[in-house]
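Residue numbers (this note's numbering): 72 to 314.
Glycine included, each C-beta is placed from N, C-alpha and C at the ideal position.
This one's a predicted model, so the numbers in the text were calculated from it and none came from an experiment.
A short worksheet on the structure shown next.
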Amino acid sequence: MKKITMIVAMKQEAVPLIEKLGLAQTSDTNPLLPCKAFSGEYKNLSINLVTNGSDSVHGVENVGTQPATLATYEALRLFSPDLIINAGTCGGFSDHGCKIGDVYMGERIRFFDRRIPMGDHYEAYGDSNYPCELAVELAQKLDLPTSIVCTGNSLDMSPTDEAILRQEPLVNKEMEAAAIAWVASHYQMPLVAVKSVTDLMDSEHGTADEFSSNLALASKNLQVEVLRLLDLLAQQSLTQDAA
Ligand code: SAH
Numbered sequence: 072m073k074k075i076t077m078i079v080a081m082k083q084e085a086v087p088l089i090e091k092l093g094l095a096q097t098s099d100t101n102p103l104l105p106c107k108a109f110s111g112e113y114k115n116l117s118i119n120l121v122t123n124g125s126d127s128v129h130g131v132e133n134v135g136t137q138p139a140t141l142a143t144y145e146a147l148r149l150f151s152p153d154l155i156i157n158a159g160t161c162g163g164f165s166d167h168g169c170k171i172g173d174v175y176m177g178e179r180i181r182f183f184d185r186r187i188p189m190g191d192h193y194e195a196y197g198d199s200n201y202p203c204e205l206a207v208e209l210a211q212k213l214d215l216p217t218s219i220v221c222t223g224n225s226l227d228m229s230p231t232d233e234a235i236l237r238q239e240p241l242v243n244k245e246m247e248a249a250a251i252a253w254v255a256s257h258y259q260m261p262l263v264a265v266k267s268v269t270d271l272m273d274s275e276h277g278t279a280d281e282f283s284s285n286l287a288l289a290s291k292n293l294q295v296e297v298l299r300l301l302d303l304l305a306q307q308s309l310t311q312d313a314a
């Protein structure tokens, strides 16, 4: 049976998936860490879903690269999956054709806010670059668009961030994927990022307001597309098992 681990930052993004797949919370994760794990089976797939959990001091969902790094490390240690799916929400530019609720798969993942101007090597390390060949292949089969998923630790966007993001042809800005890709790279683990647009960064509405109003819709669309992805993976795994 193929083992899939999904890393989902926020509870609100994860709930539609947890409910649709009938996943149950497990007590496998280290109780000292904030991340939470949910497990179950779907068709011929064994599924684990790990969220970042909430912050005990501020009572908000943990978002950003440190919680994502920790959750991914804990998930890989506990579940040794065959594949990681990072399902989450993101911002997009309407002048790139993005619309609220559109779902993309990351053809490449990078950071946009780790500027280390200390020569080519540090600059390239800061930006990082994680090509996701498997995601491109799967996106074609699912007829989903692909994007460059750009990760940083701020929800709003400074002019410097925007200039960097606009160097890429079609970007989705979010806060976890590149951290997850970094951990996955140590395990040579394939990563598929699926991102649903909650906010248009070039609209006149504030990102935070748009994010909150559209989170439920984007999370529902995310669930629908992740399920199509799981159906495809289940089908592929059946064919592989039969071969
Ligand atoms: N204001 C929100 C905080 C969400 S932080 C709240 O009250 O709960 C944003 C989360 O959504 C992160 O996990 C990030 O990956 C994703 N995200 C969605 N749109 C984003 C954007 N425009 N920029 C950065 N992250 C975004």
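Distance from the CA atom of Gln307 to the CA atom of Gly177, rounded to whole angstroms, is 20 Å. For Ile251, the three-state secondary structure derived from DSSP is helix.
Note on geometry: alpha-carbon atoms of Ser98 and Thr122 lie some 13 Å from one another. Take the alpha-carbon of Phe150 and the one of Pro188: they are about 38 Å apart. Scanning the segment 202–280 from its first residue to its last, the whole beta strand (DSSP E) runs of 3-plus residues come out as 217–222, 242–245 and 262–271.
In this structure, Ala250 sits away from Val220, with a CB-CB distance that is not shorter than 7 Å.
For the 7 Å CB-CB criterion, Val254 and Thr140 form a contact. In the DSSP assignment, Val174 falls outside any alpha helix (DSSP H) and within the unbroken beta strand (DSSP E) covering Val174 to Phe182. Within the chosen limit of 6 Å, ligand 1 reaches the beta carbon of Glu245 through at least one heavy atom. If the five residues before and after Asp302 are omitted, its C-beta is found closer than 8 Å to the C-beta atoms of Lys114, all from its own chain and listed in chain order. Between Cys169 and Val268 a beta carbon distance of about 5 Å is seen, short of the 8 Å cut, so the two are scored as contacting.
The way I'd put it, the segment 277–290 doesn't touch the segment 195–213; fewer than three beta-carbon pairs between them come closer than 8 Å.
Distances between the C-beta of Gly159 and the heavy atoms of ligand 1 include at least one below 6 Å. In the DSSP secondary-structure assignment, Ser308 is not bridged to any residue. If you look at Lys91, you'll find it in the alpha helix (DSSP H) that goes Lys82 to Leu92. Inclusion of Leu226 in the 6 Å shell around ligand 1 follows from its C-beta lying nearer than that to a non-hydrogen atom of the ligand. A straight line joining the alpha-carbon of Asn157 with that of Ala248 spans about 7 Å. Counting C-beta atoms within 10 angstroms of its own C-beta, Lys73 has 16 or more neighbours from the protein chains shown and is therefore classed as buried. The Cβ atoms of Phe164 and Met246 lie no closer than 7 Å to each other.
The C-alpha of Gly172 is placed about 33 Å away from the C-alpha of Arg148.
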